[in-house]
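Protein chains in written order, with this note's numbering: chain A, 1 to 322; chain B, 1001 to 1322.
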C-alpha cells in the first residue's frame, strides 16, 4: 500500500492503526439539575469518551482505575460497546472516584458538592503492551502528571495526541500542564479556561497563544454557544444544537472530544477538513448526552439517529448566497 | 405583473416597494474601550442602521430628532449615502442626544457613564407623507411609545415590521413594549434580554414565548457568539466573525439589524431562506463596525469588501459529510 501526502496538511506517518488509547476517570456521580436528581450513576470522562467512541470503527482501550464497588453491569456495558478494559486497574478494598455536583438554573454553571478521590490518589497508569503503538491517544481531563506518564509509556510517537483539561489543573498544576500542552497535537479546552491559561480576552488571541505553546489544533468549547476549531489562520465555528431542555450537561465535553477523536481514527486522516467534520460529529454526540441524565442517552445512539442529528447540524448553519 | 406565492412562507402583498422607514436616535457618543477613547463621535441607532442599509438598493428614510449642535458634515455624510432625512426634526436651541459609556476588558459588558436625553424628551415622530406607504419599517431601539406612534402613522400595513429593543424598556415600559411586540413581524433582541422578558432560561423556549406574543420571526443576538433566527420550528445559527480585537462594539446590533432588513428590502422576498442570508449579511456588516471606533469602519464598507466578508462567513461554518 502506497501512501502519498495529499496537500500540505495531510500527514501520514507509517501506516496508521485503528487503536485509540483513552486515559480518564471512571466514576460514580451524584447529580442535581433543575429537572431532577440522580443519586449514584455511572460517570467519569473515560466512560463518556469510550461510549462516544464506540460509534466508530476503532479499537478503543481505556486506562483508568476503579474500586471494588464498581458494578459488574457497568463493566459489561463498556465491554458490550467493544471497549477494551485491559488498562483498567481494580484496587481491592478501595472505592471508586465519586463526584457530586449541582447545576444552576442556567445549566451553564455548577457547584461541586462533594469530591471523593478514593482510588484516584493511588492511580499509576499502565498502558497495556497491545496499546503502546496506538496511532491515536486521547488524554481525558485528569492530573497532567498522569497524562504525561501515559505519553511516556508509548513505544512510538502517536500520530495524533488529543488532550482535554479543566480549571482545577490550570490553577494548581500550571507548570506540568504547560509541559503536557507542548507535547500534544490537539487541545480541547473551554472558553473561560482558554482565557485563564493564556491571559487573553479574545478567543482568537487565546487560541494563537495556545498554538504557540505546541498544539497545531486548538478547540475552544463554548457550551450552549458551540465550539471553535483553530489551525494556523483557519477557523471553524460549530454551533451547539439549540435545545429546549438540557437535562444534564455532565459529560458533554467528554462525549464531544470522544466522538471527535474516534471519527478521525476511523477516517485515518488528520486534516483541517476532517477535523471540521469531527467537531460537528462530536457536537452531535454531545447533543444527545445532555438530553438525559448521565450516560443514558449516549448509550442509545444508533447510526441512524447520529446520521439524522448530523443533518440537523448541517441545516442549522447552511445558507444561500445569491 | 402577476405575483404568485411560491411555497407557504413566501408572502407577497400588493407590489412591495423599496422603501425602508427607520425610526431611531441620532446621537453623539463618548466611548472608552480597552483600546482607546473617543470624546464626541457620531452615534445613535438610526445612524448605524442608515449607514448599514446604504449598502443595498433601498429608499431609506430616517425618523429622528437632533439639536442645533448636530454638525452639517454628519448630515452630509448621511445624505451622501442616499439616506432621506425628511423625517429628521431639528429642534432650535436644543442639544442632540448624548451617551457616554465605558466597555470593560471582555468588551461584552459596559457601564453607562452619562446619558443626556436632550432633544429626545421632546421627540414627537412625524412620518413624511412619502414614507407612509413604506413596505418595510424598522423600529430601532427607543421608547416603545414612540415606536408605536410611528406604526400608527402608516397609511397601510407594512409588509414587514422589524423591531429592536433593550433592557431599559423591558424594565420600565413592559406593558407598552408587549403591545408593540404583538404588532411586529420580526423582533431582534439580545440573549439576556430575551431571557428577561420571557422568564425562560432556554433560548429555544424564550424564542417560542416571543413568537407566541406575535412575531413570526425572532432573532436572538449573542454578541461574540453570533445570532439565532427562529421561525416556527426552524432554527438558524449564524456565527460571529472571530476577531483578534474588537475595538468598539457600539452600534454592532444596529448595523446588524440595518443590514439584515435592507437586504430583505432589496430582495423583496420575505422567506426563512432569505432571512438566513440576511442574518449572515447583518453579521458581516456588524463585523466591520466593531473593528473601528463609532461609524468609521461602517462608512468604508464597499461591495467588494462585503462580498469578501460574506464568503469568510460561509467558510466559517461549511463542512463536508462523507
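Note that beta-carbon positions come from the ideal geometry of N, C-alpha and C, so glycine has one too.
Checklist entry - Does DSSP put residue 116 of chain A in a helix, in a strand, or in coil? => result Against the first chain, residue 116 of chain A aligns to sequence position 116. The answer is strand: DSSP assigns residue 116 of chain A an E or B state.
Item to check | Contact list for residue 1244 of chain B against chain A, beta-carbon separation under 7 Å | outcome: Working through the second chain from its first residue, we reach residue 1244 of chain B at position 244. For a Cβ distance threshold of 7 Å, residue set 202, 204, 205 of chain A lies close to residue 1244 of chain B, ordered along the chain.
Next on the checklist: Report the start-end ranges of each alpha helix (DSSP H) in the segment 177-205 of chain A that is 4 residues or longer and not cut off at the edges.
Outcome noted: DSSP assignment within the segment 177-205 of chain A yields the following whole alpha helix (DSSP H) runs of 4 residues or more, N-terminal first: 191-198.
Checklist entry - Going along chain B in order, which residues have a C-beta closer than 7 Å to the C-beta of residue 106 of chain A? => result Within the first chain, numbered from 1, the residue matching residue 106 of chain A stands at position 106. Those are 1201, listed as they occur along chain B.
Checklist entry - At least one CB of chain B closer than 8 Å to the CB of residue 8 of chain A: is that the case? => result Taking the first residue of the first chain as position 1, residue 8 of chain A is located at position 8. Annotation note: pLDDT 45 at residue 8 of chain A (below 50); position unreliable, coordinate value reported separately. Chain B contact via Cβ: absent.
Checklist entry - Taking contact to mean at least 3 C-beta pairs separated by less than 8 Å, is the segment 40-51 of chain A in contact with the segment 13-32 of chain A? => result Touching, per the Cβ criterion.
Checklist entry - Helix, strand or coil: how does DSSP classify residue 167 of chain A here? => result Position 167 of the first chain, counted from the start, is the residue given in the question as residue 167 of chain A. DSSP places residue 167 of chain A in the helix class (H, G or I) of the three-state scheme.
Item to check | DSSP bridge partner residues for residue 28 of chain A (one or two, in chain order) | outcome: Taking the first residue of the first chain as 1, we reach residue 28 of chain A at position 28. Beta-bridge annotation (DSSP): residue 28 of chain A is paired with A/42, A/98.
Next on the checklist: For residue 210 of chain A and residue 1075 of chain B, I'd like the C-alpha separation in whole angstroms.
Outcome noted: As a working note, residue 210 of chain A is residue 210 in the first chain. As a working note, residue 1075 of chain B is residue 75 in the second chain. The straight-line gap from Cα to Cα measures roughly 47 Å.
Item to check | Buried/exposed call for residue 1003 of chain B, threshold 16 Cβ in 10 Å | outcome: The residue given as residue 1003 of chain B occupies position 3 in the second chain. Any reading at residue 1003 of chain B must be qualified, since the residue scores a pLDDT of 40, below 50, and its modelled position is unreliable; the value itself is stated next. Exposed, since its Cβ has fewer than 16 Cβ neighbours within 10 Å.
Next on the checklist: Let me see if you follow: with CB-CB separation under 8 Å, is residue 317 of chain A close to chain B or not?
Outcome noted: If you number the first chain from 1, residue 317 of chain A lands on position 317. Yes, its Cβ sits closer than 8 Å to a Cβ of chain B.
Next on the checklist: Quick check: the Cα distance between residue 1318 of chain B and residue 222 of chain A, rounded to an integer number of angstroms?
Outcome noted: Indexing the second chain from 1 puts residue 1318 of chain B at position 318. Indexing the first chain from 1 puts residue 222 of chain A at position 222. Spanning the two alpha carbons is a distance of roughly 19 Å.
Next on the checklist: Using beta carbons (cut-off 8 Å, strictly below), is residue 277 of chain A in contact with chain B?
Outcome noted: The residue you call residue 277 of chain A lines up with position 277 of the first chain. It does: the Cβ of residue 277 of chain A has a partner Cβ on chain B nearer than 8 Å.
Item to check | Where the segment 202-231 of chain A meets chain B: residues whose CB sits under 7 Å from a CB there | outcome: The segment 202-231 of chain A vs chain B, Cβ under 7 Å: 202, 203, 204, 205, 222, 225, 228.
Item to check | Rounded separation between residue 1048 of chain B and residue 53 of chain A - CA only | outcome: On the second chain, residue 1048 of chain B is found 48 positions in, with the first residue counted as 1. On the first chain, residue 53 of chain A is found 53 positions in, with the first residue counted as 1. When rounded, the distance between both Cα atoms is 48 Å.
Next on the checklist: Can you check which of these residues, B/1066, B/1165, B/1312, B/1233, is closest to residue 312 of chain A by C-alpha distance?
Outcome noted: Within the first chain, residue 312 of chain A is the residue found at index 312, counting from 1. Closest option to residue 312 of chain A, Cα to Cα, is B/1233.
Item to check | Contact check, residue 314 of chain A vs residue 1321 of chain B, beta carbons under 8 Å | outcome: By 1-based counting over the first chain, the position of residue 314 of chain A is 314. By 1-based counting over the second chain, the position of residue 1321 of chain B is 321. In this structure, residue 1321 of chain B lies closer than 8 Å to residue 314 of chain A by Cβ.
Next on the checklist: Cutting at 6 Å between CB atoms, please list the residues of its own chain near residue 8 of chain A, excluding the five before and the five after it.
Outcome noted: The residue given as residue 8 of chain A occupies position 8 in the first chain. Interpretation of residue 8 of chain A is limited by its pLDDT of 45, a score under 50 that renders its predicted location unreliable; the figure taken from the coordinates is listed afterwards. None.
Item to check | Alpha carbon of residue 135 of chain A to alpha carbon of residue 128 of chain A, nearest angstrom | outcome: Against the first chain, residue 135 of chain A aligns to sequence position 135. Against the first chain, residue 128 of chain A aligns to sequence position 128. Using only the alpha carbons, I get a separation of about 14 Å.
Item to check | Any 3 or more C-beta pairs closer than 8 Å across the segment 1238-1251 of chain B and the segment 1167-1177 of chain B | outcome: Touching, no.
Checklist entry - How would you call residue 69 of chain A, buried or exposed, if buried means at least 16 neighbouring beta carbons within 10 angstroms? => result Here residue 69 of chain A is taken as the residue at index 69 of the first chain, counted from 1. Residue burial annotation: residue 69 of chain A is exposed, with fewer than 16 other C-beta atoms found within 10 angstroms of its C-beta.
Checklist entry - Based on the DSSP secondary-structure assignment, which residues constitute the bridge partners of residue 19 of chain A? => result Along the first chain, one-based indexing puts residue 19 of chain A at 19. DSSP, once it has assigned bridges, lists A/59 as partnering residue 19 of chain A.
Item to check | Beta-carbon separation (whole angstroms), residue 1203 of chain B vs residue 1255 of chain B, contact threshold 8 Å | outcome: On the second chain, position 203 is the one that residue 1203 of chain B refers to. On the second chain, position 255 is the one that residue 1255 of chain B refers to. About 22 Å separates the two Cβ atoms, so there is no contact after all.
Checklist entry - When you compare only the Cα positions, how much space is there between residue 292 of chain A and residue 266 of chain A? => result One-based indexing of the first chain puts residue 292 of chain A at position 292. One-based indexing of the first chain puts residue 266 of chain A at position 266. Cα to Cα, residue 292 of chain A sits roughly 27 Å from residue 266 of chain A.
Item to check | Minimum length 3: unbroken beta strand (DSSP E) runs contained in the segment 228-280 of chain A | outcome: With a minimum length of 3 residues, the continuous beta strand (DSSP E) runs that stay inside the segment 228-280 of chain A are 234-238.
Checklist entry - If you draw a straight line from the alpha carbon of residue 1 of chain A to that of residue 269 of chain A, how long is it in whole angstroms? => result Looking up residue 1 of chain A in the first chain gives position 1. Looking up residue 269 of chain A in the first chain gives position 269. Its pLDDT being 35, under 50, residue 1 of chain A is placed unreliably in this model, and the coordinates cannot settle the point.
Next on the checklist: When you compare the CB of residue 306 of chain A with every CB in chain B, is at least one pair closer than 8 Å?
Outcome noted: Here residue 306 of chain A corresponds to residue number 306 of the first chain, with the count starting at 1. Not one chain B Cβ lies under 8 Å of residue 306 of chain A.
Item to check | beta strand (DSSP E) segment containing residue 299 of chain A, residue limits | outcome: Your numbering for residue 299 of chain A matches position 299 in the first chain. Secondary structure note for residue 299 of chain A: it is in no beta strand (DSSP E), and the uninterrupted alpha helix (DSSP H) holding it is 296-299.
Next on the checklist: Let me confirm a value: residue 329 of chain A is counted as buried when at least 16 other C-beta atoms fall within 10 Å, else exposed. Which label applies?
Outcome noted: Because chain A here runs from 1 to 322, residue 329 of chain A falls outside it and cannot be looked at.
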